[in-house]
Structure formats: C-alpha cells, structure tokens
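In what follows, a structure is listed as structure tokens, so that the remarks can point back to it.
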Amino acid sequence: MGAVFTDQVIKEMCRETGEPGFHNYTTMQGYMLDSIRDLNIFSMPTWSVKLLPITSFNTYDWPKCCVKPILTVLARGNNRYLISVSDDIMNVTMPNQPAITPTVDPICDAMEVTGLIGQYGWDIWSWGLGERYGVETMLPPFGLVIHDKKNRQSYLKGFQVNTGDQIYLFFKDDGLDTCPEIIPAEVKEVTEFFILMKWFRVRNPNLSAGMDEKYKERLFRVQRLYSDGGEDEWIRSMNSNTMSAPKI
Amino acid sequence: MSIDEILYEALLRVSGGVLTDASSVRYGEAKSYLVAAVNYVQLGNYWLEGKAEGEHAVNLMMMTPFDNVAIEYSTTRQRSFAILPTPVITLPKGRSLNITTEGGKTLIPLAMGDEAMQEFYGEHSKQIYYQLEGNTTVWFWGLENNPFLAFIRPRYIADISAMPGTTELLLPANGEKDVLDLLFSWLSGEKAAPKNYVEDGKDKSMA
Chain A
809 MGAVFTDQVI KEMCRETGEP GFHNYTTMQG YMLDSIRDLN IFSMPTWSVK
859 LLPITSFNTY DWPKCCVKPI LTVLARGNNR YLISVSDDIM NVTMPNQPAI
909 TPTVDPICDA MEVTGLIGQY GWDIWSWGLG ERYGVETMLP PFGLVIHDKK
959 NRQSYLKGFQ VNTGDQIYLF FKDDGLDTCP EIIPAEVKEV TEFFILMKWF
1009 RVRNPNLSAG MDEKYKERLF RVQRLYSDGG EDEWIRSMNS NTMSAPKI
Chain B
3 MSIDEILYEA LLRVSGGVLT DASSVRYGEA KSYLVAAVNY VQLGNYWLEG
53 KAEGEHAVNL MMMTPFDNVA IEYSTTRQRS FAILPTPVIT LPKGRSLNIT
103 TEGGKTLIPL AMGDEAMQEF YGEHSKQIYY QLEGNTTVWF WGLENNPFLA
153 FIRPRYIADI SAMPGTTELL LPANGEKDVL DLLFSWLSGE KAAPKNYVED
203 GKDKSMA
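Going line by line, the protein sequences match chains A and B.
Here my numbering is used: the first residue of the first sequence is 809, the next is one more, and so on.
Here my numbering is used: the first residue of the second sequence is 3, the next is one more, and so on.
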C-alpha cells in the first residue's frame, strides 16, 4: 500500500489555490485535519507508533487516538521483542514463564502441535482456524498480549515484566490526536476534493458544490475499498471456525 | 542598471542632456523619487503576474538573496527571531518575502491570525514557520523541531532605500523604462505621483 505525506498534499493544495509561497498553509492544514476526521468517520486507516509505559498490573492503556492495536513490541533495554496476540479462545496457550529457550518447548508439549510449528513456524496461534498472526518467525514467541476493546487496555502475560520495560505500540490511528505524517495513497484524491470544497466554500460556492459532488463520488469508492467489519467482525469470523477472513 | 546609473540618466534627461550644478543639487530628491518609482513598478508587476489564474505569484528574479542571516533569541518574548539585512517591500500577506534554510528547506509563512492557530496546529507539524513584523523583523515558530538551525536564507524584493548606489536594480523586463519615465515626469513636474492605487493594476493617474 502506497503512502503520501500529508505535508506534500497540503503544499500541493496551497499551490493549486494560487499561493505558491504557501501563504495559506495554516488554513490548508486545518482543512487537512478536517478531511482526515471526516474520512475516519467512514473508514480511512492511518497508523502511528507510540512508546507507552506498562502499569503495575501488567497492562498498558491505549492512546486516546487508538482505534485498533496492531503490533505490540516490548522494549527492554536495547532489545525489542514482538509480543504475539492472543485470540482469547484458548487462554492457556502460554505458561507463565519466559519461553525464549527453544530447548524447553513447553508449548509444543502442551499443545502437541510440533508438526505444525515445524512446518509453519511460531506465528500460528489460532491454528485451528487457518489464519496466521504476528510475524513469520521460527523463534518461539516471547509473550502474549490480550486486547480489551471495552476498557481500551491490553494485558500482557506469559513473561515477567522488568523494571524499565516499555511498549512500542503500532496501532490503527484515528488521526485526530496528531495530524498523521502519512495517509494512504488511495485517499489522496478524496482528501484533495474535500480540501478544495472547504476552500471554495466562501470564495466560490458553486465551485465548492461541484467539489462536494466529486468528494462524495470518490468517497464511495474508498468506502468500497476499505469495507472492514471491524474488530467484532474479526472475532465472529474466528469463532465461526471457517477458513475465510473478513475483508480488509 | 544600478541605482546610480538610473539616477544619472534621469537627471541628464531633466536638464536637457547637459549636466549642470542643478543636477547634483537634485540628486537627493531624485533618489527619494527613485525609491517610490521602483517600489511602484515592482508592486504593479507583482499584481499583473499570473492574474488570469488568480495566482499570487511573485517574480523570483526580482528577489534579492541574503545568505547566513543569524537567528537570535529574545528572552523577553521567549521566541527566536531574525533581523533582515534591508527592509522588505510591502506586499499583501508579506508575499514579497521567501525564507529557506541554507539547506533549502522552505519556511512556512504565517498570515494574519495564523499565529493564533499555531497553538493548536503547531504540534501537528514539523515545519518551521515565520511571521513578518514590520518590514525587517521575522519571528519564528516550530524551531524546537530544528534546534541546531542557526542561519536562514531570506530572498525578497528589497526596498532600495537602504541600498548603496552600486546595487543592481532587480526590475521586470520593461521596468527600467517605466522607472525612468516616472522619474523624469516627477522631476520635471509633469505629473503628480501616482495615488489611489487600486488592485486591478490600472493606475488612473498614469497615461
């Protein structure tokens, strides 16, 4: 998926509206934020990475702009460990101890999936459903994280949290907390039409109405592209025990 | 043409092709007129430029670059600023001024009211912003993203009143003739200085 810098779009819009010296940059930046906000009401994804503290309850709180956590990475000193996501169906997949030493293989014994691990690696945590999560690796997973959408928290388990540990969270962002640096390339057109619609709203209302029409046309196409059922749809799909995944 | 050259030509024309004592007496007067004439021609040309597209473009060739202008810090306002080497000509929204870093990164101008919006938008952006105060002082926003930046490189349509006589005038292609004609008509008392400048680029007092 391609990405475009929001700054690039803002500057292009400045030039297009007759200010090659960027004298309406701030106005355009406001319109860009409005555009992202409006698109997010529908379905545009943006992404961010944030460094978060771990609470004394082995949890971390989602940032206020987080829509859906994607990757949870433990930052311990100079090391980074990717934490596997628990699908919360079989809550006993990891014993409460570090599983970095491959010689122990407690999971293999417990789950009797040695053959599968040998074949596919350690990224299969919902092996019965035919879906694969996390990063494809032959290393055993470091720990588990369980996302709690309702409380907007995630619970870490399966490893000992040390003093100074932090979490790098890569997540789907609503783009409202901070203006994202990049937006997906396929929404650039929509964004541009939205910005032009706002710009001409008071300067040339007829033109603005035309831009609004074009915005709606393009938005319809983007909505088709991003028809994602959201977290509930994913969970329903996993519980349904079929091979098909919801469309992303 | 340099400032002195154009003044010499104008004074020569007024005295009928012969330099007299009166010519040198009127040098100061001519220089005052020159500032007005040059600024007027530059301003008129700026407005006519790209008018069809509704574009507010400034002719880059009329801009004088100044390298290594130091960024200073005001402890009373707790904000960084820079003093431009010469005054900048007054255009709407400060369009006559263009600032980059020495490396070429463009600084974003803040129009009136934008500095108040920076309180909200500033943290959403890694750009460096500036706002012109008067015609020589520039205040900066967003420098905390670039803490090692020490110099800026402004390019602008400079007000020639503060420039030495050897300075080359940066005028549009037909500008030298216009400036000479204006100077001659003012010095010979033929025509009043243009007034009531209107935005359509047509001056009613000019022929």
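Note that the Cβ used here is the ideal one computed from N, Cα and C, for glycine as well.
Just so it is clear, the structure is predicted and the values come from calculations on it, not from any experiment.
Alpha carbon to alpha carbon, how far is Thr880/A from Lys958/A?
18 Å
On the DSSP bridge assignment, give the partners of Trp1007/A in chain order.
Bridge partners of Trp1007/A: none, in fact.
Bridge partner(s) assigned by DSSP for Thr835/A:
Thr835/A pairs with nothing; no bridge assigned.
Residue range of the unbroken alpha helix (DSSP H) whose run includes Gln120/B:
116-123
Any residues in the region 112-124 of chain B with a beta carbon nearer than 8 Å to a beta carbon of chain A? Which ones, in chain order?
Leu112, Ala113, Asp116, Met119, Gln120, Tyr123
So if DSSP puts Glu31/B in a beta bridge, which residue, or which two residues, is it bridged to?
Beta-bridge pairing links Glu31/B to no other residue.
Does the contact criterion of 3 or more C-beta pairs under 8 Å hold for the region 997-1009 of chain A versus the region 962-974 of chain A?
no
Would you say Glu135/B lies against chain A (beta-carbon separation less than 8 Å)?
no
Who are the near neighbours of Lys128/B in its chain, counting only those whose CB is closer than 7 Å to its CB and skipping five residues on each side?
Asn147
Does the region 111-124 of chain B touch the region 18-36 of chain B, meaning 3 or more C-beta pairs lie closer than 8 Å?
no
Proximity winner among Trp855/A, Lys819/A, Tyr868/A, relative to Val875/A (alpha-carbon distances):
Trp855/A
Continuous alpha helix (DSSP H) stretch holding Asn887/A: start and end:
Looking at the DSSP string, Asn887/A is not in any alpha helix (DSSP H); the run it does join, the beta strand (DSSP E), is 887-893.
Between which two residues does the alpha helix (DSSP H) containing Val870/A stretch?
Per the sequence shown, the amino acid found at residue 870/A is Trp instead of Val. Careful: Trp870/A lies outside any alpha helix (DSSP H) and carries neither H nor E.
Kindly say whether Asn887/A, judged by its beta-carbon, lies nearer than 8 Å to any beta-carbon of chain B.
no
Check Ser864/A in the structure and name its three-state DSSP category.
coil
Give the DSSP-derived three-state secondary structure of Val857/A in the structure shown.
strand
For Asn100/B, which residues does DSSP report across the bridge?
Arg157/B
Apply the 10 Å Cβ neighbour rule to Lys1006/A and answer buried if 16 or more other Cβ atoms are within range, or exposed otherwise.
buried
Ala59/B: contacting residues in chain A (beta-carbon distance under 7 Å):
Pro828
Within 8 Å, do at least three Cβ pairs link the region 156-163 of chain B to the region 61-73 of chain B?
yes
By the criterion of Cβ-Cβ separation under 8 Å, what are the contact partners of Gly838/A in chain B?
Met119, Tyr123
With distance defined between alpha-carbon atoms, name the residue in Thr103/B, Leu62/B, Gly177/B nearest to Ala84/B.
Thr103/B
Looking only at its own chain, which residues have a Cβ that is under 8 Å from the Cβ of Glu994/A, when we skip the five neighbours before and after it?
Met809, Gly810, Val1030, Leu1033
Quickly, what does DSSP pair Trp141/B with across the bridge? List them, please.
Phe83/B, Gln133/B
Straight-line CA distance for Gln80/B to Phe142/B?
11 Å
Suppose the cutoff is 7 Å on Cβ atoms and the five residues either side in sequence are ignored; what does the same chain contact list for Asp846/A look like?
Phe1002
Given this structure, state the Cα-to-Cα distance separating Leu36/B from Ile91/B, to the nearest angstrom.
14 Å
Taking the alpha-carbon positions, what's the Leu184/B to Ala32/B distance?
11 Å
Proximity below 8 Å, CB of Glu11/B to CB of Leu173/B:
no
Where Gln816/A falls: helix, strand or coil (DSSP)
helix
In the DSSP assignment, what residue or residues form a beta bridge with Val881/A?
Leu890/A, Tyr976/A
Between the beta-carbon of Pro871/A and the beta-carbon of Asp985/A, is there less than 8 Å?
yes
State yes or no: is the C-beta of Pro111/B within less than 8 Å of the C-beta of Tyr132/B?
yes
Using 8 Å for Cβ pairs, my map puts Pro877/A next to Phe950/A. What's the rounded Cβ distance?
Not a contact, Cβ separation roughly 16 Å.
Where does Gln968/A fall in DSSP's three states?
coil
Endpoints, alpha helix (DSSP H) assigned at Asp956/A:
No alpha helix (DSSP H) contains Asp956/A, which is instead part of the beta strand (DSSP E) from 952-956.
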